[in-house]
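Inspection log for the structure reproduced underneath, given as structure tokens.
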Amino acid sequence: MTSALHKRTLSTGYVDAWFCFTSDPRLTSAQQQYEAMLSPTELQQYQQLKHADNGWDYLVSRALLRTVLAEYCELAPEELEFQVNDFGKPELSNSSLASVIQFNTAHTSGLTVCVVTRDHAIGVDAECRAENPGILNVADDYFSSLELQALKSRAESEQLDYFYRYWTLKEAYIKARGEGLSVPLHDFSVVLGDDGEFVEFVGPQAESWDFRILCQNSAYTAALSMNAQIIGLNYFNSVPLGPQSEHTAADAFNNLSVVDSARRNRIG
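Just so we're aligned: the sequence shown equals residues 1 to 268 in the UniProt record's numbering.
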């Protein structure tokens, strides 16, 4: 169906963060090609989700993952095979680079994200910003005492923003660990500075972990965690099997500028 794309290389400590807005009108013409990429298990999941009105987000997320990973492997998107560990974390299973390429994905309403690095475990989380202050009530159930104290010390107008920062950072760490909710959320803390950026991790093997807020805007918050120092981040918008564009940290995840930027700064 498709051939493998040009091979990208990765350097230890660097992360490529790929994102796609599922409302992008450029996606619709490739729907059948995306469906043809899916494994039987993915296709079954897709068919189930179509009845729940979130099948499209799932389809685009799998297409993004497959086309992105194909750029780091010597395989076409539809040839990639995955396995999951006991807690459901996916890994490549049929690439000679399976032990080298580390990746994780997240998708939320309207947005899918895939992060790729080498050698070290990585996790990502993305959340659609529900402007519902009631969501702050779950912080008592999932945040550490240190995080709760810091959150409640913020001005009331800032608390929702900081809630999503803490939440996505913690979820990214859980996903990077690949041990599911067997890791108690109360047993570790992320510390944020006055600017809302990551400052410190308080938890097991703290010196081995690094974190970043990938984006926070009026629509989304996304964050990543890696079991090594994050030396650099690259941001790419991708329409699977279509155009790609590189972004700065400041303009990444801005849905209004993606199409125009892709026309100006196309890389694929």
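We put the beta carbon where it would ideally sit given N, CA and C, even for glycine.
Reduced DSSP secondary structure (H/G/I, E/B, other) of residue i
i: T2; result: Reliability fails at T2, whose pLDDT of 43 lies under 50, so the model's placement of it is uncertain and no value is given.
i: V100; result: coil
i: G55; result: helix
i: S145; result: helix
i: S29; result: helix
i: I174; result: helix
i: F188; result: coil
i: V15; result: strand
i: V199; result: strand
i: Q48; result: helix
Under 7 Å between C-beta atoms of residue i and residue j
i: A223; j: D119; result: no
i: D210; j: V116; result: no
i: E127; j: T168; result: yes
i: I122; j: N104; result: yes
i: F21; j: N255; result: yes
i: S189; j: E156; result: no
i: F82; j: G178; result: no
i: H107; j: D53; result: no
i: R62; j: E35; result: no
Of the listed residues the options, nearest to residue i (C-alpha basis)
i: L59; options: R26, L80, T112; result: T112
i: P243; options: R62, D53, T67; result: T67
i: L185; options: N237, D141, F82, C73; result: D141
i: E171; options: G134, N137, M226; result: M226
i: L233; options: L241, T221, H247; result: H247
i: L214; options: S23, L27, N85, F236; result: F236
i: K7; options: S109, Y220, L97; result: L97
i: S11; options: E42, N217, I101; result: I101
i: L64; options: L241, F253, A252; result: L241
i: S218; options: Y162, L92, G203, V191; result: Y162
Nearest-angstrom Cβ-Cβ length linking residue i and residue j, presumed shorter than 8 Å
i: L151; j: Y164; result: With a Cβ gap of about 11 Å, L151 and Y164 do not count as contacting.
i: P90; j: V84; result: 5 Å
Residue i classed as buried or exposed, judged by whether at least 16 other C-beta atoms fall within 10 angstroms
i: S245; result: buried
i: V239; result: buried
i: R266; result: Residue placement at R266 is flagged as unreliable, the pLDDT there being 43, under the threshold of 50; the coordinate-derived value follows with that caveat. Burial call: exposed.
i: Y250; result: Rather than Tyr, the amino acid found at residue 250 in this sequence is Ala. With fewer than 16 Cβ atoms within 10 Å of its Cβ, A250 is classed as exposed.
i: A175; result: Before going further, note that residue 175 is Lys rather than Ala in the sequence given. Buried: at least 16 other Cβ atoms inside 10 Å.
i: I230; result: buried
i: F253; result: buried
i: S153; result: exposed
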